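Numbering (the working numbering), first residue to last: 92 to 170.
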């Protein structure tokens, strides 16, 4: 493997390791009885909220608000 390919593969692995869709789910608690409120702020807040929403059971109430920098927003339906 040439140095350029090695660096590119290393970069791709580092970016994949920081993906909220991979990192957040193992840290989510089981849904409680009643509703769950998600509050977040920061550049990664939208991506983490999307990960929570994606992995949260559809039958469990979920709502909340996140604030992020302009241009960093992502579509969600419950948060």
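Where a beta carbon is used, it is the ideal one built from N, C-alpha and C, also for glycine. Computed from a predicted structure; not experimentally measured.
| Check | Outcome |
| --- | --- |
| Residue 109, buried or exposed, once every other Cβ within 10 Å from all chains shown has been counted against 16 | exposed |
| Inter-residue Cα distance where the pair is residue 152 and residue 101 | 39 Å |
| Whole-angstrom distance between residue 161 and residue 154, CA atom to CA atom | 21 Å |
| Residue 165 (DSSP reduced to helix, strand or coil) | coil |
| Buried/exposed call for residue 143, threshold 16 Cβ in 10 Å | buried |
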